[in-house]
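Chemist:
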Amino acid sequence: MTGPWAEALPWAIVLPLVGAALTPAVAVRHPRVSGFWAWGVLLVTAVLTAGLVSELVARGPFSYGLGGWAASYGIELRFDHFSAWVLPLVVLFVVIVPFSWRYLDHVMPDERRPPFYALLLLNAGGMIGFCVTGDLFNLFVFTEVVSLSSYALVAVGGRGLAAFAALKYLFIGAVSSLLMLFATAQLFVLSGSLNMADVSLRLGEIGGGTAVMVAFAAYAVSFMVKAAMFPVHVWLPDAHAIAPSPVSAVLSGMVVKVGIVGMLRIYQIYFGAEVLELGAFNLALVWLGAISIVMGAFFAIFQDDIKLMLAYSTISNIGYIVLGLGLASPYAVIGAAVHVFNHALIKATLFLAAGSIIHQTGFRTLSDLRGVARTMPQTSAAMAIGAVSIVGLPPTAGFVCKWYIALGAFEANQAPFGFALVFGALFIFIYYIRMLNAFYFQPPVHASVAQASETPWSMRGPVVLLASLCLILGVLGGIPLTFVEPAVLDLLPFWGQ
Amino acid sequence: MQPFGLDLDYVAVVALFCVGLYMLVAKSNLLKKLLGLNVMETSVFAFIVTAGMVEGGDPPIMVAGTSAPYASPIPHAMVLTGIVVAVSVTAVALALIVQIHAHFGTIEIDELKELP
Numbered sequence: 463m464t465g466p467w468a469e470a471l472p473w474a475i476v477l478p479l480v481g482a483a484l485t486p487a488v489a490v491r492h493p494r495v496s497g498f499w500a501w502g503v504l505l506v507t508a509v510l511t512a513g514l515v516s517e518l519v520a521r522g523p524f525s526y527g528l529g530g531w532a533a534s535y536g537i538e539l540r541f542d543h544f545s546a547w548v549l550p551l552v553v554l555f556v557v558i559v560p561f562s563w564r565y566l567d568h569v570m571p572d573e574r575r576p577p578f579y580a581l582l583l584l585n586a587g588g589m590i591g592f593c594v595t596g597d598l599f600n601l602f603v604f605t606e607v608v609s610l611s612s613y614a615l616v617a618v619g620g621r622g623l624a625a626f627a628a629l630k631y632l633f634i635g636a637v638s639s640l641l642m643l644f645a646t647a648q649l650f651v652l653s654g655s656l657n658m659a660d661v662s663l664r665l666g667e668i669g670g671g672t673a674v675m676v677a678f679a680a681y682a683v684s685f686m687v688k689a690a691m692f693p694v695h696v697w698l699p700d701a702h703a704i705a706p707s708p709v710s711a712v713l714s715g716m717v718v719k720v721g722i723v724g725m726l727r728i729y730q731i732y733f734g735a736e737v738l739e740l741g742a743f744n745l746a747l748v749w750l751g752a753i754s755i756v757m758g759a760f761f762a763i764f765q766d767d768i769k770l771m772l773a774y775s776t777i778s779n780i781g782y783i784v785l786g787l788g789l790a791s792p793y794a795v796i797g798a799a800v801h802v803f804n805h806a807l808i809k810a811t812l813f814l815a816a817g818s819i820i821h822q823t824g825f826r827t828l829s830d831l832r833g834v835a836r837t838m839p840q841t842s843a844a845m846a847i848g849a850v851s852i853v854g855l856p857p858t859a860g861f862v863c864k865w866y867i868a869l870g871a872f873e874a875n876q877a878p879f880g881f882a883l884v885f886g887a888l889f890i891f892i893y894y895i896r897m898l899n900a901f902y903f904q905p906p907v908h909a910s911v912a913q914a915s916e917t918p919w920s921m922r923g924p925v926v927l928l929a930s931l932c933l934i935l936g937v938l939g940g941i942p943l944t945f946v947e948p949a950v951l952d953l954l955p956f957w958g959q
Numbered sequence: 086m087q088p089f090g091l092d093l094d095y096v097a098v099v100a101l102f103c104v105g106l107y108m109l110v111a112k113s114n115l116l117k118k119l120l121g122l123n124v125m126e127t128s129v130f131a132f133i134v135t136a137g138m139v140e141g142g143d144p145p146i147m148v149a150g151t152s153a154p155y156a157s158p159i160p161h162a163m164v165l166t167g168i169v170v171a172v173s174v175t176a177v178a179l180a181l182i183v184q185i186h187a188h189f190g191t192i193e194i195d196e197l198k199e200l201p
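Chains A and B supply the protein sequences, listed in that same order.
Number 902 in the numbering used here belongs to position 440 of the first sequence; there are no gaps in the numbering.
Number 124 in the numbering used here belongs to position 39 of the second sequence; there are no gaps in the numbering.
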């Protein structure tokens, strides 16, 4: 039944985590080695996850019982279509790490590199674990691995302000993790099990009830905070803007998606049990998503700092994903699931390009960066492609999923939200036009901008690669769509209930 | 005891949770906020531990000489892990607070906000 790769499942988690623990030892004499070490570990992990996905494509979802204990007694790792998200995730890490080699020169002294790369590997390992675990308590532990490394990564580059942003992130994040632990305990008390499939079965036997709903609500709020949806987004802009650019790319592109993937996992449990009516909850998601889109875009328009602008744009895009989930029609949900990945790609492009520009010129506001496209044409072009992509214009990666979500809105007879989506895209368009206008059509005001040179190839390569991927996935957008379709269609019959 | 039809231990847990949340939200001192967070964590742990006691439950491992009441071992394992996580969170938060104090010379939120 299972192929050779199924046995490799735990290694995809163990490798980055052990790699993280070993980083300070490996780099004890030459701190700069840690960057290459982290890259090597991530490359091997990427090969492993590619093998896992090939196994999934060939034979369907598979499980691994940790320590030889059968599922429901031991901890089960389960690789299904939503877990396949780990492949693009690790690949993005593999692209981002080389960028950080030279970028970190300005951010931190050499001896602080090993802890930085150790945290980055921890973060990657935590997210892989989060996506593949089939155990509720394990899900909590991996959330905390991801969150803790993220708090530290925010603070790693700066001094006072970075620490303050990180602490704000920590307080809100810790409360959301607590809610998650509480919900896990609640489900355990109700069902006597922690295995997701098992809990789902037993909930079906118990039926509904207030306690089951309380657990669902606690999970929902917890993941909303992790995903930085509108009323609970306050931690995101500062934390993402102040972190070093490679970290911003990881946080904005991938760490916030922990909330979305977690939400899908909880849906799987509750849908299997058929104990909840989600109509009202979906409606709330749709509204919050629409508000997130408009609010995020609205605040982004008034930002002069490019990284702060990108951070607000993340709130907007999480809004798109949540709106798609709430609409609960096939097109919308598929579009949302694909946007989880496409947004990660686009945001990584934008943050790395913005990081390059800040790195070369020393400025980070639009008014200071006027005319930068003259001296950094390739990076600016990548930024422009990312901008067009995130607005959702064809032929870029952002178009495919936003088109699907909009189609889904009409399919679900929620046309006003379809228009909200288009309206939000217009807003987003305005602020990216502002940026492109400043970069391309205005004369430089600072000498350092006028005399800036392009970045070294270890930084330009990843940016150019990501930007071209944005274009390629716009043309080949059907591939990820067909991939998530079976997973989504399995769940859909219960979605709108 | 079940006043108002509620289990007393759950009422206590929720009360403790609210106390912690109040400290986290209302206090201006960052250290007191952190203490509030720890109180919240304790309340969730207490919830898990009390849930581990089931009246008339079977023992997980029977050794000669054991007698009722028995407690489920899984909640204990969960709480131990939870405590480890909580300690790590506290450690990171304290490190950040030390950094904030070194840089700004204060850990009061209202004073931090007034700084440029």
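Don't be surprised by glycine CBs; every beta carbon is placed ideally from N, CA and C.
Distance cutoff 7 angstroms, beta carbons only. Does B:Ala149 sit that close to anything in chain A?
Modeler: Output row for B:Ala149: interface = no.
Chemist: Does the distance between the C-beta of A:Pro792 and the nearest non-hydrogen atom of the ligand NAD fall short of 6 angstroms?
Modeler: The ligand NAD is absent from the structure shown, which contains no ligands of any kind.
Chemist: Examine chain A for any beta-carbon lying closer than 7 angstroms to the beta-carbon of B:Ala178, and answer yes or no.
Modeler: For B:Ala178, the answer is yes, since a Cβ of chain A falls inside 7 angstroms of its Cβ.
Chemist: Where does A:Met838 fall in DSSP's three states?
Modeler: Coil, per DSSP.
Chemist: Give me the Cβ distance between B:Leu52 and B:Phe189, rounded to the nearest whole Å; I'm assuming they're in contact under 8 angstroms.
Modeler: Since the displayed chain B opens at 86 and closes at 201, residue 52 of chain B lies outside it and no answer follows.
Chemist: Roughly how many angstroms lie between the CA atoms of A:Ala659 and A:Val834, to the nearest whole one?
Modeler: The straight-line gap from Cα to Cα measures roughly 54 angstroms.
Chemist: Indicate the three-state DSSP secondary structure (helix, strand or coil) for A:Gly669 in the structure shown.
Modeler: Correct three-state label for A:Gly669: coil.
Chemist: Rounded to whole angstroms, what is the Cα-Cα separation between A:Pro839 and A:Pro857?
Modeler: So the alpha carbons of these two residues sit roughly 21 angstroms apart.
Chemist: Under 8 angstroms by Cβ, that's how I've got A:Thr507 and A:Leu554 pegged, so tell me the actual separation to the nearest angstrom.
Modeler: A:Thr507 to A:Leu554, Cβ: 12 angstroms. No contact.
Chemist: Looking only at its chain, what residues have a beta carbon closer than 7 angstroms to the beta carbon of A:Ser611, apart from the 5 residues adjacent to it on each side?
Modeler: Closer than 7 angstroms at Cβ, skipping near neighbours: Leu581, Leu584, Asn585, Gly588.
Chemist: Comparing C-alpha positions only, which one of A:Gly824, A:Arg621, A:Trp501, A:Gly939 sits nearest to A:Asp767?
Modeler: It is A:Gly824 whose Cα lies nearest to the Cα of A:Asp767.
Chemist: Residue range of the alpha helix (DSSP H) that B:Leu116 falls in?
Modeler: Element bounds for B:Leu116: 115-136.
Chemist: Please list, in chain order, the residues of the region 600-627 of chain A that have any C-beta partner in chain B closer than 7 angstroms.
Modeler: The region 600-627 of chain A vs chain B, Cβ under 7 angstroms: Val603, Glu606, Leu610, Tyr613, Ala614, Ala617, Arg621, Gly622, Ala625, Phe626.
Chemist: Which bits of chain A does B:Met125 rub up against, with CB to CB less than 9 angstroms?
Modeler: Under the 9 angstroms cutoff, chain A gives Ala636, Val637, Leu640.
Chemist: How about the region 698-713 of chain A and the region 810-827 of chain A: do they share at least three Cβ pairs that are nearer than 8 angstroms?
Modeler: Touching, yes.
Chemist: Which stretch, first to last residue, makes up the alpha helix (DSSP H) that contains B:Leu109?
Modeler: 93-111 is the span of the alpha helix (DSSP H), which, as asked, contains B:Leu109.
Chemist: To the nearest angstrom, how far is the alpha carbon of A:Ile704 from that of A:Val687?
Modeler: Between A:Ile704 and A:Val687, the C-alpha separation is close to 19 angstroms.
Chemist: Quick test of the definition: if touching needs 3 or more C-beta pairs under 8 angstroms, does the region 715-733 of chain A touch the region 674-691 of chain A?
Modeler: Yes: at least three Cβ pairs fall under 8 angstroms.
Chemist: Quick one: what's got a C-beta closer than 6 angstroms to A:Trp501's C-beta in the same chain, skipping five residues either side?
Modeler: Closer than 6 angstroms at the Cβ level, and outside the excluded window around A:Trp501, lie Val559.
Chemist: Tell me whether A:Glu916 sits in a helix, a strand or coil according to DSSP, three-state version.
Modeler: Coil.
Chemist: I'd like the ranges of any alpha helix (DSSP H) spanning at least 4 consecutive residues and lying wholly in the region 530-578 of chain A.
Modeler: Whole alpha helix (DSSP H) segments, 4+ residues: 548-569.
Chemist: Which residues in chain B have a C-beta closer than 8 angstroms to the C-beta of A:Val651? List them in chain order.
Modeler: Chain B residues near A:Val651: Ala136.
Chemist: Which ranges does the alpha helix (DSSP H) cover as unbroken runs of at least 4 residues, wholly within the region 470-522 of chain A, from first to last along the chain?
Modeler: List check, alpha helix (DSSP H) in window: 471-488, 495-521.
Chemist: Can you name, in chain order, every residue of its own chain whose Cβ lies under 7 angstroms from the Cβ of A:Arg494, other than the five neighbours on each side?
Modeler: Result list for A:Arg494: Asp572, Arg575, in chain order.
Chemist: Going by C-alpha distance, which of A:Gly734, A:Gly669, A:Ser754, A:Leu640 is nearest A:Leu652?
Modeler: Nearest option by C-alpha distance: A:Gly669.
Chemist: In three-state terms, what does DSSP make of B:Thr166?
Modeler: Helix, per DSSP.
Chemist: In this structure, how does DSSP classify A:Phe760 when only helix, strand and coil are distinguished?
Modeler: Helix.
Chemist: Does the beta carbon of B:Met108 sit closer than 7 angstroms to a beta carbon anywhere in chain A?
Modeler: No, B:Met108 lies away from the interface with chain A (no Cβ there is under 7 angstroms from its Cβ).
Chemist: Hey, out of B:Ala136, B:Ala97, B:Ala176, whose CA is closest to B:Pro160's CA?
Modeler: The candidate whose alpha carbon is nearest that of B:Pro160 is B:Ala136.
Chemist: Three-state secondary structure (DSSP) at B:Ser157?
Modeler: If DSSP states are grouped into helix, strand and coil, B:Ser157 belongs with coil.
Chemist: Flag this pair as yes or no: are the beta carbons of A:Ser609 and A:Gly635 separated by less than 7 angstroms?
Modeler: Closer than 7 angstroms, so yes.
Chemist: What residue range does the alpha helix (DSSP H) around A:Gly870 cover?
Modeler: 859-873 is the extent of the alpha helix (DSSP H) around A:Gly870.
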